[in-house]
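Residue numbers (numbering that gives the first Met the number 0), protein chains in the order written: chain A, 0 to 332; chain B, 0 to 316.
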Amino acid sequence: MKSIKNGLLFGGLIVLMGVVLVCDIIFGSVRLPLEALWSDDTLYREIIYNFRLPKALTAVITGAAISVAGLIMQTLFRNPLAGPYVLGVSSGASLGVAVYLLAGGLLPVALTQSGWGLVIAAITGAVLVLLLVLAVSLHVRQAVSLLIIGIMFGQIAGSLVTILQNSSNPDSLKLFVVWTFGSLSAVGWNYMQVMLLLITVGLTIVFAIQKSLNGLLLGENYAQGLGINITRTRFLIIVAVALLAGTTTAFTGPIAFIGMAVPHLARGLFRTSDHSITIPGTMLCGAILLLLCDLATQLPADGYTLPINAISALVGAPIIIWIILKNKRTIEN
Amino acid sequence: MLKTTHLNIGHGKHFVQRDLNLSASAGDLICLTGINGTGKSTLLRTLAGLQKTLGGHITIQGKDVEKLTNAERATLLSLVLTDTITVENLTLHDLVAMGRFPYTNWAGKLSEEDENIINQSLEQVNLTHKANCYICEVSDGEKQRCVIAKALAQDTPLVLLDEPTAHLDLPNRIEIMLLLRRLSVNMRKTFLLSTHELDLALQMADKIWLMGNDGVQVGIPEDLMLDGKFQETFGSDTFRFDETDGHCKINHPMGNLEVAVIGEKPAILWLERALLRCGIRTVPTADITIEAHHDHFAIGDRKANSIEETLKLLAEK
């Protein structure tokens with residue numbers, strides 16, 4: 000009964016993602032006819048293969064990855080407000096990228112070309128902030144307080160970035176400012192390989208520890224009582240979040256609130272907290288939502304697009320307010 | 000079954016209790032009680048492996064607990080803690096299913112046998128009809144019974160419970176204690192629970208571990224009471240344990256007024272309690288005599304319909 004319902008939901012979500020994916024490929028600064036998808040016209044193929052398809056795939060991968068990062072952060076912190084953006088992990092990744100782009104003129108070209116340098120910088124920044132927030136979370140139990148501390152870490156990272164910007168040359172500055180807007184179209188096929196590889200590793204870790212994640216829902220004491228190795232699980236969660244959030248932030252810029260909001264959508268939709276359901280559910284919902292956000296950035300038309308971050312915040316922030324209102328009691332305690 | 004030898008417990012360098020030599024047998028229902036700060040929770044947490052020992056050994060079925068991995072320990076003891084469970088969208092069935100974690104594969108796949116054990120556990124605590132309800136929708140008593148079912152599903156010879164009856168109303172407290180008593184008899188499991196409910200503990204426990212500032216007194220409730228151990232441990236000027244029924248009695252400050260009381264039970268018993276509470280002595284030879292009848296009270300020729308009115312009459316004198 001329940002598994003049939005879940006099967007239907009998964010089926011529906013996959014179909015929906017297919018439809019949105021096709022829409023995302025067709026609509027853009029130039030609108031393509033549906034036939035373009037299978038026509039032999041070299042111009043269409045060029046546009047689809049080199050621009051639209053990588054962009055749509057980036058939206059799918061990024062949406063799935065940051066949402067799962069948000070899901071496991073919420074489990075780790077036992078806090079419905081946790082997420083890569085709100086707890087400053089994205090800011091940490093930005094700081095890494097800023098250091099890399101603004102001060103990293105000295106790095107070998109091989110690193111910059113493949114995207115590895117960018118990713119490593121972002122992941123390092125993400126790990127640093129995560130460890131800081133985790134250390135603080137051991138002392139601060141209140142959900143909202145942790146949120147404020149996360150925002151403060153984000154602010155500190157932001158200030159450091161501003162200081163870096165002030166003392167850097169205009170060319171790298173422009174590169175960085177464009178990056179901060181968040182863009183799904185910056186990922187070409189060469190970057191895609193790196194991104195896909197790291198995200199796959201991150202998601203594999205998450206799937207492998209799903210049982211421990213379920214145990215953690217009850218709190219660390221109960222989890223330990225059920226035979227779960229807490230230290231190892233926590234370490235793996237941090238590695239996975241850093242890979243998922245760090246990698247996506249490196250390539251697309253910080254994307255606001257999606258990571259925090261989507262797990263709530265998935266849990267609400269499937270009416271379960273079981274990670275064997277919520278992990279794939281969150282991936283699908285995240286991919287669909289980010290594809291929709293990307294479609295929304297095309298709305299102005301005339302070859303002009305909005306930054307993805309503006310749209311994702313517009314969608315995500317109200318969801319956060321709704322969650323705070325809905326969980327008022329649990330959040331305050 | 001459970002045995003501690005020269006066990007020291009505490010936090011970091013701060014010892015709470017030293018040299019504890021305790022043991023429990025299969026099927027025992029043991030109540031751990033004592034005044035706050037003597038280390039009840041610390042002892043439970045240490046036995047549970049949530050906290051390091053500061054010396055000495057703990058063995059369960061002959062196995063040294065400190066040398067076991069988490070997963071191995073989880074097959075020997077299960078926990079019912081005071082930690083609140085606030086998971087959204089978690090059904091009672093799924094919570095109990097978590098008890099099977101030590102036995103399932105990496106993905107937590109439940110076999111048919113696992114499902115049987117989960118259903119039996121839910122049945123033991125009378126929650127079968129609520130298996131598909133969500134944990135945030137049921138009452139505190141049902142939630143606590145469900146956590147106990149989780150511990151049963153974990154299928155361990157020893158179950159540790161930290162104040163399982165705290166925050167529950169009287170009927171639920173009694174129901175939980177009766178449930179544990181029945182399970183300890185039927186399933187030969189050992190239950191060790193910390194509690195402040197002396198009355199319940201005295202009536203239900205096979206054994207009491209009474210924690211004082213300098214060690215743990217062990218015995219069956221009646222022996223400990225007869226030997227005055229409770230008075231020793233909880234000892235205070237403000238109350239005492241009644242030697243005849245084990246209930247705790249408050250030592251009320253007494254005034255100068257003395258009355259004699261004659262009459263029928265139970266009216267006379269409750270009248271005496273009311274007088275005691277108000278600091279009025281009952282002395283057979285006193286000048287004022289109160290007669291207690293089943294439907295009224297009388298002081299000389301004046302009548303009162305309730306104890307409250309009787310007290311008012313006394314106040315006038």
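Note that CB positions come from ideal geometry on N, CA and C, so glycine has one too.
Cross-strand partners of residue i (DSSP beta bridge)
{"i": "V217 (chain B)", "result": "B:W208"}
{"i": "Q16 (chain B)", "result": "B:I8"}
{"i": "T281 (chain B)", "result": "B:V258"}
{"i": "R301 (chain B)", "result": "B:I298"}
{"i": "R239 (chain B)", "result": "B:K248"}
{"i": "T189 (chain B)", "result": "B:L157"}
{"i": "G87 (chain A)", "result": "According to DSSP, which records beta bridges pairwise, G87 (chain A) is partnered with nothing at all."}
{"i": "E290 (chain B)", "result": "B:I261, B:A297"}
{"i": "C30 (chain B)", "result": "B:L192, B:I207"}
{"i": "K2 (chain B)", "result": "B:S22, B:T58"}
{"i": "T90 (chain B)", "result": "B:Y133"}
{"i": "G63 (chain B)", "result": "The question names Gly, but residue 63 (chain B) in the sequence shown is Asp. Answer by DSSP bridge pairing, in chain order: B:T58."}
Beta-carbon proximity check, residue i vs residue j, cutoff 8 Å
{"i": "T309 (chain B)", "j": "L270 (chain B)", "result": "yes"}
{"i": "D93 (chain B)", "j": "Y102 (chain B)", "result": "no"}
{"i": "I25 (chain A)", "j": "I198 (chain A)", "result": "no"}
{"i": "I8 (chain B)", "j": "T37 (chain B)", "result": "no"}
{"i": "L1 (chain B)", "j": "L201 (chain B)", "result": "no"}
{"i": "A58 (chain A)", "j": "D293 (chain A)", "result": "yes"}
{"i": "T81 (chain B)", "j": "E162 (chain B)", "result": "yes"}
{"i": "F152 (chain A)", "j": "S90 (chain A)", "result": "yes"}
{"i": "H325 (chain B)", "j": "L275 (chain B)", "result": "Since the first residue shown for chain B is 0 and the last is 316, residue 325 (chain B) is missing from the structure and cannot be characterised."}
{"i": "A125 (chain A)", "j": "V88 (chain A)", "result": "yes"}
{"i": "A102 (chain A)", "j": "S2 (chain A)", "result": "no"}
{"i": "K39 (chain B)", "j": "S193 (chain B)", "result": "yes"}
{"i": "A244 (chain A)", "j": "I65 (chain A)", "result": "yes"}
{"i": "I134 (chain B)", "j": "V86 (chain B)", "result": "yes"}
{"i": "L191 (chain B)", "j": "A23 (chain B)", "result": "yes"}
{"i": "I261 (chain B)", "j": "T288 (chain B)", "result": "yes"}
{"i": "D18 (chain B)", "j": "H5 (chain B)", "result": "yes"}
{"i": "L86 (chain A)", "j": "V143 (chain A)", "result": "no"}
{"i": "A97 (chain A)", "j": "L163 (chain A)", "result": "yes"}
{"i": "W105 (chain B)", "j": "A239 (chain A)", "result": "no"}
{"i": "A241 (chain A)", "j": "L129 (chain A)", "result": "yes"}
{"i": "R301 (chain B)", "j": "L313 (chain B)", "result": "no"}
{"i": "R180 (chain B)", "j": "L28 (chain B)", "result": "yes"}
Residues that residue i contacts on chain A, provided the C-beta gap is smaller than 9 Å
{"i": "G227 (chain B)", "result": "Near G227 (chain B) there are no residues of chain A at all, since even the closest Cβ is about 37 Å away, more than 9 Å."}
{"i": "S77 (chain B)", "result": "G224, L225"}
{"i": "A73 (chain B)", "result": "Q223, G224, L225, G226, I227"}
{"i": "M176 (chain B)", "result": "The contacting residues do not exist; M176 (chain B) stays about 22 Å from chain A at best."}
Whole-Å CB distance - residue i paired with residue j, under 8 Å assumed
{"i": "G26 (chain B)", "j": "R172 (chain B)", "result": "The Cβ separation is near 22 Å, so there is no contact."}
{"i": "L268 (chain A)", "j": "L8 (chain A)", "result": "6 Å"}
{"i": "G201 (chain A)", "j": "I257 (chain A)", "result": "That pair is no contact at about 16 Å."}
{"i": "V67 (chain A)", "j": "I278 (chain A)", "result": "6 Å"}
{"i": "I310 (chain A)", "j": "T296 (chain A)", "result": "6 Å"}
{"i": "V228 (chain B)", "j": "I219 (chain B)", "result": "Sequence inspection shows Lys at residue 228 (chain B); the Val mentioned does not correspond to that position. At roughly 11 Å, the Cβ-Cβ gap does not stay under 8 Å, so K228 (chain B) and I219 (chain B) are not in contact."}
{"i": "L159 (chain B)", "j": "L76 (chain B)", "result": "6 Å"}
{"i": "L217 (chain A)", "j": "I84 (chain B)", "result": "6 Å"}
{"i": "K210 (chain A)", "j": "G107 (chain B)", "result": "4 Å"}
{"i": "I249 (chain B)", "j": "T237 (chain B)", "result": "7 Å"}
{"i": "I175 (chain B)", "j": "Q143 (chain B)", "result": "6 Å"}
Contact set between residue i and chain A, taken where Cβ atoms lie within less than 7 Å
{"i": "E87 (chain B)", "result": "R266, S272"}
{"i": "D93 (chain B)", "result": "D273"}
{"i": "N69 (chain B)", "result": "Q223, G226, I227, N228"}
Residue i: contacting residues in chain A (beta-carbon distance under 8 Å)
{"i": "C101 (chain B)", "result": "The residue you asked about is not Cys; residue 101 (chain B) is Pro in the sequence shown. Result: L225, G226."}
{"i": "G107 (chain B)", "result": "Q209, K210, N213, S275"}
{"i": "M0 (chain B)", "result": "Under the 8 Å cutoff, chain A gives no residues; its nearest Cβ is about 18 Å from M0 (chain B)."}
Proximal residues of chain B, C-beta to C-beta of residue i below 9 Å
{"i": "N220 (chain A)", "result": "R44, A47, L49, L78, L80, D82"}
{"i": "L291 (chain A)", "result": "Correct list: empty, because the minimum Cβ distance to chain B is about 24 Å."}
{"i": "L70 (chain A)", "result": "In chain order: nothing, as chain B lies at least about 13 Å away."}
Proximal residues of chain B, C-beta to C-beta of residue i below 8 Å
{"i": "L7 (chain A)", "result": "Within chain B, no residue comes near L7 (chain A); the closest Cβ sits about 18 Å away, beyond 8 Å."}
{"i": "L174 (chain A)", "result": "Those within 8 Å of L174 (chain A) in chain B number zero; the least Cβ separation is about 42 Å."}
Neighbouring residues, chain B, relative to residue i (Cβ below 7 Å)
{"i": "L202 (chain A)", "result": "Per Cβ cutoff of 7 Å: no residues; L202 (chain A) is ~15 Å from chain B at best."}
Three or more C-beta pairs below 8 Å linking the region 218-235 of chain A and the region 93-104 of chain B: yes
At least three beta-carbon pairs within less than 8 Å, the region 260-271 of chain B to the region 285-303 of chain B: Segments in contact, yes.
Segment contact flag, the region 210-227 of chain B with the region 50-70 of chain B, C-beta cutoff 8 Å, min 3 pairs: no
Any 3 or more C-beta pairs closer than 8 Å across the region 250-261 of chain A and the region 179-189 of chain A: yes
contact_flag[the region 117-124 of chain B, the region 141-151 of chain B] where n(CB pairs < 8 Å) is 3 or more: yes
The region 271-289 of chain A contacting the region 13-31 of chain A, beta-carbon criterion three pairs below 8 Å: yes
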